[in-house]
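Undergrad:
Residue numbers (the working numbering), protein chains in the order written: chain A, 14 to 526; chain B, 421 to 566.
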C-alpha cells in the first residue's frame, strides 16, 4: 500500500467563501425540516441568508477590479471538475439576491403568519432557502450543467412557494401549475441546448465551451444550442411573448414570496442569458448579433409598451405590478439588444435597481393586504391616510419605477438612453421616455387610490407591524440612496459588462492543446 | 380479513429480502452497478408494497409520515455534511481525499460511501413520501372551498 505524504496546504475560510455562499443556505434548508419548529426555522433561515449576504459582500469587494475567483469543487480541476467562478457580474447579482432574501425574511415572518397556516411555515422557510440556494448556485457556478441543476432547485421550490397562496385564493394552484408547465418546458429546452453544446464541444465548463466554440467557429450544432438556450431561458425571463405565467404567479403567491421572486428570479434568468449570449456564444458570430438586434430588441420594445398598457387597465395593484415587471424586463432586453458596453451596463444596473424597486413595491402591497385582505384598488381607497408610512414607501417605489431623477430607476434608464444615443438610435431613446410616461399613468392610479379618495367609513389609523415596515423602508430608502449615488451600481455594472464583452482568458489546462 | 392469503404470506417473506437487497445494492454501489439512488428506490418499494397489501394504517405505524419527512432532510444533511467535514479538514467541499490524507484513494471510497448513504436515505424518504401523499389523498374538495 502506497502511503506517501501528499503535500497539501490547508484552505482557509477565506478560500472557501465561494462554496459557503451556496452551501450555507443549502444545508440550512434540511436543518429547518429536522428542527421542525417554525420559530426556529425562521431564525435558521434568517441567519443563513444573512450569512450568505455577508459572504456575497466579501466576494464583491474582491472582484470589483475585474478579476475573478475560481473554486474547484471536490478538488477536481476544471474543465473536468465543477468550477465556481466569481466575477464582477455574478458577485453583484449574488449581492442583490442574498440581500433581498435577508430583507424579505423579517417581512415574511409577519405576512406569512397571516397568509399561510402555521403547520406549513417550517416547510415554507425550507423551500425559501432551497429557492435561495438555487438562485445563488445558478449565479456562482461556472459549469453549464450545474446551472441547469441549480435552476431546477430554484424552480421546483418556487412552484411550491407560489402554490402556498392557495389558502387565500385557490387560483394560486392553477397559477403554480401554469408556471410549472412553462418552467419545465423552459428548463427542458435549456438542457437540450446544453446537450447540443456538449455535442459540439465535449465540455461543460462555460469558459472552456467559449474557447472551443471560438476555435471551431460557427456550425449548425452550435446554432441549434443557441436557439434552444435562448428560448428556454426566455421562458424563465418572461420575455414578451413568453410571459404568460408571470402575472398569475405574482398575483396569487403570498406577498413575501412575490416580493422575493419579482426582485430575484427573473433577474437571475436574465443573468443566465447574459452569460450565455456574451460569455459562451461570443457576439462575434453573426447569428448571435442578428438574434439580439432583430429578435430580442423588438420584443423588448413591444414589452415596454404592451405590458405597460395592460398595467394601466388593471384593477388589482399586485397584478398591475406584475405587468409592470414584464415592461421593465423590456428595458433590460433593450440594453442587451444594443450590444455595447453601455447597453449592458444599463441592463445590469437596471437588474439591480429594478430589483430593489420591485421589492419595495411588492412589500408595500403586502403591507396593505395585511389589513385590507385584498389588493384590488377599491379595497385600498384612502389607505394613504390610514397607513401613511406604508403608502409613503409605495410612492417612493412608484417614483423609482417611473424613473424620476433622484431615484434608482432614473440612473439605469439614463444609462440606457445614453447607450441608445451612443449608437445614434435616437428613436429608441424617445421610445424609452415614452414608455416611462405610461409608467406615470399606472403609478398615478395607485397614488390616486391611496391619497385622493376617502377612506372607508370608520377606518381607524392602523399602520402595518414593524417587521413589515422596516424592510419596506430599507428597500424604499435604498431606492433613493442608489438614485443619488448611482456611481456604485453603474461602476460595478460597467466592470461586469466589460468583463462579458472581452474574450475570456482560456483555462491554464487548455494552453497545452 | 382472510382475503389474499397467498399475497400476504409472499409479501411478508419478500419485504425482508427487499430490504436486504437494498442494503446490498447500497454498499456494493462503488464496485458494481447500483448506489444510493437505486438502493433507495428498492428500500422504498419494500415499504410501499407492505402498504399496498396491508393498508396505509399498518405502514404508517411502522414509518409515520413525519419520520419520512425527517429522513428526506437527513439524507441531504449527510451528503452536505460530508462536504463540510472535508472543508473543516482544510480541503475543498466534497474533496473526499481529506478523509485519509496519506492515501487519498481510500478517502475517496469512504467519501463515496458517506455521500451515497445520504442519497439512499433521501431517495427512500422521497419515494415513500410520494406514495403517502397519493395514498392518503383526502376526498375531493367540497364546493364551498372554491
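All C-beta atoms in this analysis are idealised placements derived from N, C-alpha and C, irrespective of residue type, glycine included.
In angstroms with no decimal places, state the Cα-to-Cα distance between residue 486 of chain A and residue 434 of chain A.
TA: Start at 1 with the first residue of the first chain, and residue 486 of chain A comes out as number 473. Start at 1 with the first residue of the first chain, and residue 434 of chain A comes out as number 421. Answer to the nearest angstrom: the Cα atoms are 35 Å apart.
Undergrad: Report the residue from B/558, B/554, B/549 and B/556 whose alpha carbon sits nearest the alpha carbon of residue 486 of chain B.
TA: Position 66 of the second chain, counted from the start, is the residue given in the question as residue 486 of chain B. Checking every option, the nearest Cα to that of residue 486 of chain B belongs to B/549.
Undergrad: In its own chain, which residues sit with a C-beta less than 7 Å from the C-beta of residue 327 of chain A, not counting the 5 before and 5 after it?
TA: Within the first chain, residue 327 of chain A is the residue found at index 314, counting from 1. Answer for residue 327 of chain A: 333 and 336, listed in chain order.
Undergrad: Along the region 526 to 560 of chain B, what residues have a CB closer than 7 Å to any CB found in chain A?
TA: Hits within the stretch: zero.
Undergrad: Helix, strand or coil, according to DSSP, for residue 83 of chain A in the structure here?
TA: Looking up residue 83 of chain A in the first chain gives position 70. Here residue 83 of chain A sits in strand by DSSP.
Undergrad: Indicate whether residue 449 of chain A and residue 415 of chain A have their beta-carbon atoms separated by less than 8 Å.
TA: Working through the first chain from its first residue, we reach residue 449 of chain A at position 436. Working through the first chain from its first residue, we reach residue 415 of chain A at position 402. It is a contact, given that the beta carbons lie within the stated cut-off.
Undergrad: May I ask you to list the residues that DSSP assigns as paired with residue 156 of chain A?
TA: Counting from 1 along the first chain, the entry for residue 156 of chain A is found at position 143. In DSSP, residue 156 of chain A forms a bridge with A/218.
Undergrad: Please classify residue 341 of chain A: is it buried, with 16 or more other beta-carbons within 10 angstroms of its beta-carbon, or exposed?
TA: As a working mapping, residue 341 of chain A is identified with position 328 in the first chain. Buried.
Undergrad: Strictly by DSSP, which residues pair up with residue 329 of chain A?
TA: Translated into positions along the first chain, residue 329 of chain A becomes position 316. A/389, per the DSSP bridge assignment.
Undergrad: Report the three-state DSSP secondary structure of residue 451 of chain B (helix, strand or coil).
TA: Numbered from 1 along the second chain, position 31 holds the residue referred to as residue 451 of chain B. Here residue 451 of chain B sits in coil by DSSP.
Undergrad: Buried or exposed: where does residue 232 of chain A fall if 16 or more other Cβ atoms within 10 Å of its Cβ makes it buried?
TA: Counting from one through the first chain, the residue named residue 232 of chain A turns up at place 219. With fewer than 16 Cβ atoms within 10 Å of its Cβ, residue 232 of chain A is classed as exposed.
Undergrad: Please classify residue 301 of chain A as buried or exposed, where buried requires at least 16 other C-beta atoms within 10 Å of its C-beta.
TA: Counting from 1 along the first chain, the entry for residue 301 of chain A is found at position 288. Burial call: buried.
Undergrad: Excluding five sequence neighbours on each side, which residues of the same chain lie with their C-beta closer than 7 Å to the C-beta of residue 457 of chain B?
TA: For the purposes of this step, residue 457 of chain B is taken as the residue at position 37 of the second chain. The residues are 539 and 543.
Undergrad: If you run the structure through DSSP and keep just helix, strand and coil, what is residue 475 of chain A?
TA: By one-based count along the first chain, residue 475 of chain A stands at place 462. It is coil, neither helix nor strand.
Undergrad: Nearest to residue 88 of chain A by CA position, among A/115, A/29 and A/489, is which residue?
TA: Counted from its first residue, the first chain places residue 88 of chain A at position 75. Checking every option, the nearest Cα to that of residue 88 of chain A belongs to A/29.
Undergrad: Check the C-beta distance from residue 110 of chain A over to residue 281 of chain A and give it rounded, since I have them as a contact under 8 Å.
TA: Counting from 1 along the first chain, the entry for residue 110 of chain A is found at position 97. Counting from 1 along the first chain, the entry for residue 281 of chain A is found at position 268. Correct: roughly 7 Å between the Cβ atoms.
Undergrad: Could you name the residues of the same chain whose beta carbon sits closer than 7 Å to that of residue 350 of chain A, not counting the 5 residues immediately before and after it, in chain order?
TA: If you number the first chain from 1, residue 350 of chain A lands on position 337. Excluding positions up to five away in sequence, the list reads 305, 306, 309, 310 and 313.
Undergrad: Which ranges does the alpha helix (DSSP H) cover as unbroken runs of at least 4 residues, wholly within the region 93 to 169 of chain A, from first to last along the chain?
TA: Runs of the alpha helix (DSSP H) inside the region 93 to 169 of chain A: 101 to 128 and 134 to 153.
Undergrad: Below 8 Å, how does it come out for the region 95 to 115 of chain A and the region 528 to 539 of chain B: are there three or more Cβ pairs, yes or no?
TA: Cβ pair count under 8 Å is below three, so no.
Undergrad: Nearest to residue 419 of chain A by CA position, among A/379, A/315, A/288 and A/498, is which residue?
TA: Residue numbering aside, residue 419 of chain A sits at position 406 when the first chain is read from its first letter. Closest by alpha carbon: A/498.
Undergrad: Starting from residue 528 of chain B, trace the alpha helix (DSSP H) both ways and give me its first and last residue.
TA: The sequence position of residue 528 of chain B within the second chain is 108, counting from 1. Its alpha helix (DSSP H) spans residues 524 to 555.
Undergrad: Determine the contact status of residue 492 of chain B and residue 552 of chain B, defining contact as a CB-CB distance below 8 Å.
TA: Taking the second chain and counting its residues from 1, the one referred to as residue 492 of chain B is at position 72. Taking the second chain and counting its residues from 1, the one referred to as residue 552 of chain B is at position 132. No, Cβ-Cβ distance for residue 492 of chain B and residue 552 of chain B is not below 8 Å.
Undergrad: Return the CA-CA distance between residue 115 of chain A and residue 488 of chain A, expressed in angstroms with no decimal places.
TA: To locate residue 115 of chain A, count along the first chain from 1; it is residue 102. To locate residue 488 of chain A, count along the first chain from 1; it is residue 475. So the two alpha carbons sit approximately 11 Å from each other.
Undergrad: Leaving out five residues before and five after residue 507 of chain A in sequence, what residues of the same chain have Cβ atoms less than 6 Å from its Cβ?
TA: What you label residue 507 of chain A is simply residue 494 of the first chain in a count that begins at 1. So the list reads 358, once near-sequence residues are dropped.
Undergrad: Quick one: is residue 69 of chain A buried, meaning 16 or more other Cβ sit within 10 Å of its Cβ, or exposed?
TA: What you label residue 69 of chain A is simply residue 56 of the first chain in a count that begins at 1. With 16 or more Cβ atoms within 10 Å of its Cβ, residue 69 of chain A is classed as buried.
Undergrad: Can you say whether residue 478 of chain B is buried or exposed, counting buried as having 16 or more other CB atoms within 10 angstroms of its CB?
TA: Position 58 of the second chain, counted from the first residue, corresponds to residue 478 of chain B. It is exposed - the Cβ of residue 478 of chain B has fewer than 16 other Cβ atoms within 10 Å.
Undergrad: DSSP three-state call for residue 257 of chain A: helix, strand or coil?
TA: Here residue 257 of chain A is taken as the residue at index 244 of the first chain, counted from 1. Looking at residue 257 of chain A - three-state DSSP - the assignment turns out to be coil, as it is neither helix nor strand.
Undergrad: Can you give the beta carbon distance from residue 492 of chain A to residue 373 of chain A, rounded, assuming they're within the 8 Å contact cut?
TA: Position 479 of the first chain, counted from the first residue, corresponds to residue 492 of chain A. Position 360 of the first chain, counted from the first residue, corresponds to residue 373 of chain A. Correct: roughly 6 Å between the Cβ atoms.
Undergrad: According to DSSP, simplified to helix, strand and coil, what is residue 371 of chain A?
TA: By one-based count along the first chain, residue 371 of chain A stands at place 358. Looking at residue 371 of chain A - three-state DSSP - the assignment turns out to be helix.
Undergrad: Kindly indicate which residue of A/96, A/198 and A/284 has the alpha-carbon position closest to the one of residue 5 of chain A.
TA: Residue 5 of chain A lies beyond the residue range present for chain A, which begins at 14 and ends at 526; the question has no answer from this structure.
Undergrad: Report the neighbours of residue 457 of chain B on chain A: residues whose CB is nearer than 9 Å to its CB, in chain order.
TA: As a first step, residue 457 of chain B is located in the second chain; it is residue number 37 there, counting from the start. Neighbours of residue 457 of chain B on chain A: none; closest Cβ ~15 Å, over 9 Å.
Undergrad: Please confirm if the region 175 to 183 of chain A is in contact with the region 153 to 165 of chain A, defined as three or more CB-CB distances below 8 Å between the two stretches.
TA: The region 175 to 183 of chain A, when compared against the region 153 to 165 of chain A, does not touch it at the 8 Å Cβ threshold.
Undergrad: Please work out which residues of its chain come closer than 8 Å, Cβ to Cβ, to residue 526 of chain A, disregarding the five sequence neighbours upstream and downstream, and give them in chain order.
TA: Locating residue 526 of chain A in the first chain gives position 513, counting from the first residue. Bear in mind that a pLDDT of 37 at residue 526 of chain A, under 50, signals an unreliable position, so the number given afterwards is only what the model happens to contain. The answer is none, since no qualifying residue turns up.
Undergrad: Report the option in A/278, A/264 and A/134 whose CA atom is closest to the CA atom of residue 9 of chain A.
TA: In this structure chain A extends from 14 to 526, so residue 9 of chain A is not present and cannot be described.
Undergrad: If you draw a straight line from the alpha carbon of residue 439 of chain B to that of residue 527 of chain B, how long is it in whole angstroms?
TA: As a position in the second chain, residue 439 of chain B is number 19, starting the count at 1. As a position in the second chain, residue 527 of chain B is number 107, starting the count at 1. In a straight line, the C-alpha of residue 439 of chain B is about 27 Å away from that of residue 527 of chain B.
Undergrad: Could you give the residue range of the alpha helix (DSSP H) that holds residue 457 of chain B?
TA: Taking the first residue of the second chain as position 1, residue 457 of chain B is located at position 37. Run containing residue 457 of chain B: 456 to 474, per the alpha helix (DSSP H) assignment.
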